[in-house]
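Here full-length UniProt numbering is used: position 115 in the sequence shown is 115, and no number is missing along the way.
Quick notes on the structure that follows.
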Amino acid sequence: MPGHQGETRRTRAAQEWESPGYESPLPVTEKSNPLSRDIDRAGPQQIVRVLQECDAEVFQGDLQTDAEYKRLYSESVVQILVNVAKRVKTILKEPENSLIVLSGCGTSGRIAFLLSNTFNRILARHQQKPVYSYTIAGGDKALLTSQEAPEDSPSLGAQVLEETCAGKKHVLFIGISCGLSAPFVAGQLDFCLNNLDIFTPVLIGFNPAHMARAEPIQGWPHTLREVTERMLDLQRGQRAFVLNPVVGPEAISGSSRMKGGTATKVLLESLLLLGHRAVHRHSEINHQAVLDCIRDYETVHEMTYSKTEELADVIGTAGISLQNQGHVYYLGWKTLGIMGIIDASECIPTFGADFEDIRGFMSGGFSEMNNKEGDLSSLGPQFCIDQKDFLSTILPNLGENDTVIFIFTVDEDFADVEKLAGQVKSKTSNLQAICHEHGGCRFPVNINNIFASKILRITWTSSAGDAEDGFFMRLQWELSTKWILNAISTGAHILKGKVYKNYMIDLKVTNSKLYRRAIGMLQRFTGCSWMQGERALLRALYRVEELTEEMITADVSRHTQAANASDKVVPTALVVLQTGCSVSEAQAHLREGSVVRDAVEACLTSGRH
1 MPGHQGETRR TRAAQEWESP GYESPLPVTE KSNPLSRDID RAGPQQIVRV LQECDAEVFQ
61 GDLQTDAEYK RLYSESVVQI LVNVAKRVKT ILKEPENSLI VLSGCGTSGR IAFLLSNTFN
121 RILARHQQKP VYSYTIAGGD KALLTSQEAP EDSPSLGAQV LEETCAGKKH VLFIGISCGL
181 SAPFVAGQLD FCLNNLDIFT PVLIGFNPAH MARAEPIQGW PHTLREVTER MLDLQRGQRA
241 FVLNPVVGPE AISGSSRMKG GTATKVLLES LLLLGHRAVH RHSEINHQAV LDCIRDYETV
301 HEMTYSKTEE LADVIGTAGI SLQNQGHVYY LGWKTLGIMG IIDASECIPT FGADFEDIRG
361 FMSGGFSEMN NKEGDLSSLG PQFCIDQKDF LSTILPNLGE NDTVIFIFTV DEDFADVEKL
421 AGQVKSKTSN LQAICHEHGG CRFPVNINNI FASKILRITW TSSAGDAEDG FFMRLQWELS
481 TKWILNAIST GAHILKGKVY KNYMIDLKVT NSKLYRRAIG MLQRFTGCSW MQGERALLRA
541 LYRVEELTEE MITADVSRHT QAANASDKVV PTALVVLQTG CSVSEAQAHL REGSVVRDAV
601 EACLTSGRH
């Protein structure tokens, strides 16, 4: 954790983004974090320090803030966690015709998938049938790729939930929308509110309720803000719950895969663990139990970021690979392999990356993932995630510009790790390892030797050994790995030039949320009106100098579909607005610059504006 100076800096930054006049139209999750405004100019070690400070804001709870800015440790948040954990306990004690459904879009849906499987495994240890299920906008394809159109459909969300819960009499539904903005989840919550005899809906997000999305949703009569307000009214009678602590702006503006995903994991795992412990250990569900659980996760933050130098080394190596048109590959085992696959999949929409830039593979592939729809590898190379796929399609062409990162724990089969590492080492010297060990269980000498000094090793305190404690250690490893991989992929793309200040300038505008975010960024950087920003965005998207009437009047859904075939849309629009040049000239500037930030900066200082 940062020392006193870091605490002071973080406190001042939080006071800035909390102040009423600071970017007041923007939800907190979309604001620019003062801590990371110059992260695009940072080297690997400074990137790690900035991310450390930003991630620490998740647990910050000692500021005197306005009542609407609840924090993770706030009394009202802790009370809701207690109340929802008690609902979990009730369902676990009476599982017949009952279900706990976790749902979300993108990162939120992937966490929902991961946790539903994890807690079903805990039940299996107690010889109990599964009680958990998950839904994700776009189905299981969305575990690995962006599925933007389903995210924008409330009716699809409601339909999927109804099908998932058919025949159930008691359902605890937990919908996750980090920015309180996802139409898919809004439709599901609305369905729950219309069927309160069966459903208890819970909304998890990280903005104050008044910042929930209020824009009309195409083909739907409500807004997510209206749904949120209805839930807040019902919360007084504990018929619905809204868990929305503010954890501060993301290090990379709007990248909710980072702090939003972290806070989601902490909240969900805390309340689910308390419910399980109440049933299997007869533990009390109270404020102290919640606080103890969250503090355990805060310790995970301290442990993870105690490896600053090692993490900076991996970020530097990965960044060089991307700069040299190489690739980064994660090779993982069990749920840490899933964490690698998730992190890699999120780079495509976040940074406008090619799916080949950073890829994840895991031992056992889909059979180990245990997703609803089973093996998806026939859908194309983006869905080939087994380490066998890595051996057959990647290893033969692996070179010195590529970085391979192994992700494993002391509990894995070291023969497999050693064999695979030996094969990779024959192709590239850029071999790294992220590994977790505990208690007296350490890695054998041959594993240490094969990775030499390129090991980011974290040693954890041994658990008591029962089912819940053993799974809790696995959950800690997952969160630690998430922080590490988020830092690697974010840092590598920063070093490649994909970030402008602390904004994802090269994002793909492939859904309505990203479309609005892109226009908002153009306004921020150029001072243009919303209409001017939208026109420039559309010109860049369709690669035309003059927009047709059909383009201007088309629905946002058409624009987001067209965005799939367009590259560097937002950087192009930014250069057009700043310099007054044509779309073709802006694209030429960006091609010459190779690194987006450098190209944009060159244009901004060229005198043409």
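All C-beta atoms in this analysis are idealised placements derived from N, C-alpha and C, irrespective of residue type, glycine included.
Note that this is a predicted model, so its numbers are computed, not measured.
Taking 6 Å as the limit between beta carbons, can you name the residues of its chain near M211, skipping five residues before and five after? These residues qualify, in order along the chain: P27.
Beta-carbon within less than 7 Å of K372's beta-carbon, same chain only, minus the 5 sequence neighbours each way: which residues are those? Excluding positions up to five away in sequence, the list reads D140.
Grab me the residues of L475's own chain with a C-beta within less than 6 Å of its C-beta, minus the 5 sequence neighbours each way, in chain order. Hits under 6 Å: E269.
Tell me, please, which residues DSSP counts as bridged to R409. One point to set straight first is that residue 409 is Thr, not Arg, in the sequence displayed. In the DSSP assignment, the residues bridged to T409 are H436.
Should D506 go down as buried or exposed, given a rule of 16 or more other Cβ atoms within 10 Å for buried? With 16 or more neighbouring CB atoms inside 10 Å of its own CB, D506 falls in the buried class.
Just to confirm the assignment, what range does the alpha helix (DSSP H) spanning W530 have? Element bounds for W530: 530 to 542.
Pick helix, strand or coil for F355, following the three-state DSSP scheme. Here F355 sits in coil by DSSP.
For D66, I'd like the list of residues in its chain whose CB is within less than 6 Å of its CB, leaving aside the five on either flank, ordered along the chain. Unreliable positioning characterises D66 in this predicted model, as indicated by a pLDDT of 45, which lies under 50. A coordinate reading is not provided.
Residues in its own chain within less than 6 Å of L336 by CB, not counting five upstream and five downstream? Excluding positions up to five away in sequence, the list reads I407, T481.
May I ask you to list the residues that DSSP assigns as paired with F199? Its beta-bridge partners are V171.
Report yes if the C-beta distance between I385 and M362 is below 8 Å; otherwise report no. Yes, they are a contact pair.
When the Cα of V50 is compared with those of W530, Q387, Y329, T308, which residue comes out closest? For the residues W530, Q387, Y329, T308, the minimum Cα distance to V50 belongs to T308.
Extent of the continuous beta strand (DSSP E) run through I136: Counting along the chain, the beta strand (DSSP E) containing I136 begins and ends at 132 to 136.
Reduced DSSP category for V509 - H, G, I as helix; E, B as strand; rest coil: Here V509 sits in coil by DSSP.
Sheet register partners of F414 (DSSP bridge): Per DSSP, none; premise fails for F414.
Which one or two residues does DSSP pair with C441 in a beta bridge? Under DSSP, C441 forms a beta bridge with H438.
With respect to the alpha helix (DSSP H) encompassing S116, which residues constitute its N-terminal and C-terminal limits? Judged by DSSP secondary structure, S116 falls within the alpha helix (DSSP H) whose first and last residues are 107 to 125.
Backbone CA spacing between F184 and F451 [nearest angstrom]: Taking the straight line from one Cα to the other gives about 44 Å.
For the structure I just gave you, are there three or more beta carbon pairs, one from the region 115 to 130 and one from the region 152 to 166, closer than 8 Å? Contact between the region 115 to 130 and the region 152 to 166 is absent, because fewer than three Cβ pairs lie under 8 Å.
Among residues of its own chain, excluding the 5 on either side of G465, which ones have a beta-carbon nearer than 8 Å to its beta-carbon? Because G465 carries a pLDDT of 47, less than 50, the predicted location of this residue cannot be relied on, and the following value inherits that uncertainty. None.
Using C-beta distances below 6 Å, list every residue in its chain close to S489, excluding the 5 sequence neighbours before and after it, in chain order. Closer than 6 Å at the Cβ level, and outside the excluded window around S489, lie D343, C347, I358.
CB-CB length for L99 against V202, believed under 8 Å: Between V202 and L99 the Cβ distance is about 13 Å, and since that is not below 8 Å, they are no contact.
Return the first residue and the last residue of the beta strand (DSSP E) that T459 is part of. 455 to 460 is the span of the beta strand (DSSP E), which, as asked, contains T459.
Ends of the alpha helix (DSSP H) at V77? For V77, the uninterrupted alpha helix (DSSP H) run begins and ends at 75 to 93, by DSSP.
Just the Cα atoms here: how many angstroms apart are D62 and C54? With a pLDDT of 47 at D62, under the threshold of 50, the predicted position of this residue should be treated as unreliable, though the coordinate-derived value follows. So the alpha carbons of these two residues sit roughly 15 Å apart.
Comparing alpha-carbon positions, which option in T228, G179, M369 lies nearest N191? Per the sequence shown, the amino acid found at residue 191 is Phe instead of Asn. Taking the Cα of F191 as reference, the smallest distance to any Cα among T228, G179, M369 is reached at T228.
Select from T223, I484, V575 the residue whose C-alpha is nearest the C-alpha of H301. Of the candidates T223, I484, V575, the one whose C-alpha sits nearest the C-alpha of H301 is I484.
Measuring CB atoms only, is the region 535 to 542 touching the region 572 to 583, in the sense that at least three cross pairs come out at less than 8 Å? Segments in contact, yes.
Spatial neighbours of G205 within its chain, please: C-beta separation below 7 Å, excluding the five flanking residues on both sides. Within its own chain, the residues whose Cβ lies closer than 7 Å to the Cβ of G205, once the five positions on either side in sequence are excluded, are S177, C178, G179, L180, N244, listed in chain order.
Option nearest L154 by Cα separation, candidates A166, A137, K169, S146: Residue 154 is actually Pro in this sequence, not Leu. Closest option to P154, Cα to Cα, is A137.
Quick check on G104: does DSSP put it in helix, strand or coil? Note: G104 maps to strand in three-state DSSP.
To the nearest angstrom, report how far apart G21 and T526 are at their CA atoms. Caution is warranted here: a pLDDT of 43 is assigned to G21, below 50, making its placement in the model unreliable, and the coordinate value is therefore given only provisionally. So the alpha carbons of these two residues sit roughly 20 Å apart.
Does the Cβ of D413 have 16 or more other Cβ atoms within 10 Å, making it buried, or fewer, making it exposed? D413 is exposed by the Cβ-count criterion.
Within 8 Å, strictly: CB atoms of G254 and R517: Taking 8 Å as the Cβ cut-off, G254 and R517 qualify as a contacting pair.
Thinking just about the alpha-carbon of each residue, which of G109, E215, T264, S108 is nearest to the one in L81? Looking only at G109, E215, T264, S108, the smallest Cα-Cα distance to L81 is reached by T264.
Does the contact criterion of 3 or more C-beta pairs under 8 Å hold for the region 433 to 448 versus the region 91 to 110? Contact fails: fewer than three Cβ-Cβ distances are below 8 Å.
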